[in-house]
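Colleague:
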Amino acid sequence: MQRFGFEQYGDPNVFETIEAPIPEPKTGQVQLQVLGFGLNPYDASLRRGEQAAFRKVKFPVVPGTDVLGRITKLGEGVTDFAIGDLVLNYRPIGGYSEYVTASTSKIYKKPTALSFLDAAALPQVGLAAFNILHYMLSLKPGQTLAVIGASGGVGAILVQLAKFEKLNVIAVAGAQHHDYLQQLGADQIYSYTDDLPDSRADAVVNAVFGATDHGASLKLVKAGGQYVTTAYADVDVSSKPGTTHLQLNPSKDYSVHDGFAYLVDVAQKWGLQVRVAQSFAFNVDGVIAAHEMLETHHAPGKLIVMQDRHVTHPVRKDINQL
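Going by full-length UniProt numbering, the first residue of the sequence shown is number 1, and it counts up by one from there.
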């Protein structure tokens, strides 16, 4: 089988095709034929070597946390899944492959409510939004959540989950995204250049890549509220006494299974939009092109590498048409 990885850190052209045996599932695992995988900014950071001080990896490195796959083999003891099942898979690494193995605790059956593209794009951003809302924050129906960077991957899912939970949602993003945020159900929508209301939100999530929000989060959060950043940020909350700053980090408390179950429930009962910016060919050239796009300020949405024959609706290839 083919995997797409790199033997050295660098620009997108370090990616190469790596021939490897098809992995066999162990007890409690399944073997997946990968139909598509999503790209995340972390993948590019890993490729550039920026994670080397925090995460020890062995070369060749094969990135990939978001996978949509078809089960092709069952490991011993697996009874809740069958060969042929289509599943979402969230994994620590290795998704840029034709085949992977995965623990049954890290997969969930794809509902018909999600297209193939949406399913490949959902795992990382969906689980991050779920963990923020259900593990980090303590909000009740009727309270107000402000989402900064609401048009991005995590932000857009968070807006939808918050509305499902009957929260009032303030969304902050570029002016060009206001129509999209209205579709997602945001109650109040602002641009970064607007005069934002002071101390309006019980909790604020800064989902901006790099956490650069021009002061919007501290402006919106109430004294005594909660302020979450999805990217590392040195935050001074002294201007809002009693406000707690929380950083989204991996935690043993988080459950991939519970997160997927919740996201699928929302998709079936409420609907869940996952914005996909562009789909690329399932080969090393497609991976390189996707990583080149990942380095730019591309149209909002996830970048996906997908097996063409498994796409269930047309994929717009020209990013300028989005």
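Heads up, the beta-carbon is just placed ideally off N, CA and C, and yes, glycines get one too.
Does DSSP put PHE164 in a helix, a strand or coil?
Modeller: Correct three-state label for PHE164: helix.
Colleague: Could you give the DSSP three-state label for ALA173: helix, strand or coil?
Modeller: ALA173: coil per DSSP, three-state reduction.
Colleague: With MET306 as the anchor, note down where its beta strand (DSSP E) starts and where it stops.
Modeller: Looking at the DSSP string, the run of the beta strand (DSSP E) that includes MET306 is 302-306.
Colleague: Can you name, in chain order, every residue of its own chain whose Cβ lies under 7 Å from the Cβ of GLY49, other than the five neighbours on each side?
Modeller: Once the five neighbours on either side are set aside, the close Cβ partners of GLY49 are TYR9.
Colleague: Alpha carbon to alpha carbon, what distance is there between ARG275 and LEU68?
Modeller: Their backbone Cα atoms lie some 16 Å apart in a straight line.
Colleague: Taking C-beta to C-beta, are VAL154 and ALA186 nearer than 8 Å?
Modeller: No, Cβ-Cβ distance for VAL154 and ALA186 is not below 8 Å.
Colleague: Mind checking which residues open and close the alpha helix (DSSP H) that includes VAL125?
Modeller: Looking at the DSSP string, the run of the alpha helix (DSSP H) that includes VAL125 is 116-131.
Colleague: In three-state DSSP terms, what is ARG316?
Modeller: Here the model assigns ARG316 a pLDDT of 35, short of 50, so the residue's position is not dependable, and the following value carries that caveat. Note: ARG316 maps to coil in three-state DSSP.
Colleague: What does the Cβ neighbour count give for HIS214, buried or exposed, with the cut at 16 atoms within 10 Å?
Modeller: When all chains shown are included, HIS214 counts as exposed.
Colleague: State the CB to CB distance for the pair LEU35 and ALA102, rounded to an integer number of angstroms; the pair is presumed to be in contact (CB under 8 Å).
Modeller: The pair is not a contact, with the Cβ atoms about 13 Å apart (cut-off 8 Å).
Colleague: My output table needs one value for ASN206: the three-state DSSP class, helix, strand or coil.
Modeller: DSSP places ASN206 in strand when its eight states are reduced to three.
Colleague: Does residue 337 pass the burial test, meaning 16 or more other C-beta atoms within 10 Å, or should it be called exposed?
Modeller: Given that the chain is displayed from residue 1 to residue 322, the structure contains no residue 337 and the question cannot be resolved.
Colleague: Is it right to say residue 360 is buried, meaning 16 or more other beta carbons lie within 10 angstroms of its own, or is it exposed?
Modeller: In the structure as shown, the chain begins at 1 and stops at 322. Residue 360 is therefore absent and cannot be evaluated.
Colleague: Over the uninterrupted alpha helix (DSSP H) stretch that includes ARG55, give me the two end residues.
Modeller: Run containing ARG55: none; DSSP gives neither H nor E here.
Colleague: Look at the Cβ atom of GLY95, then the Cβ atom of PHE15, and state whether they are nearer than 8 Å.
Modeller: Taking 8 Å as the Cβ cut-off, GLY95 and PHE15 do not qualify as a contacting pair.
Colleague: Whole angstroms are fine: how far does the CA of TYR180 sit from the CA of TYR192?
Modeller: One C-alpha to the other measures close to 16 Å.
Colleague: Tell me which residues share the same chain as GLU7 and place their Cβ nearer than 6 Å to its Cβ, disregarding the 5 neighbours each side in the sequence.
Modeller: Around GLU7: PHE59 and PRO60.
Colleague: How would you label TYR232, buried or exposed, when you count the other beta carbons within 10 angstroms and need 16 or more for buried?
Modeller: That one is exposed.
Colleague: Assuming residue 354 contacts HIS177 (C-beta within less than 8 Å), just tell me the rounded distance between them.
Modeller: Not covered by the structure: residue 354. The range shown for the chain is 1 to 322.
Colleague: Can you tell me the Cα-Cα spacing of GLU76 and ALA82, whole angstroms?
Modeller: Each residue's Cα considered, the two are about 12 Å apart.
Colleague: Going by CA-CA distance only, name the one from GLY225, VAL204 and ALA223 that's closest to SER217.
Modeller: Checked all of GLY225, VAL204 and ALA223; the closest Cα to SER217 is VAL204.
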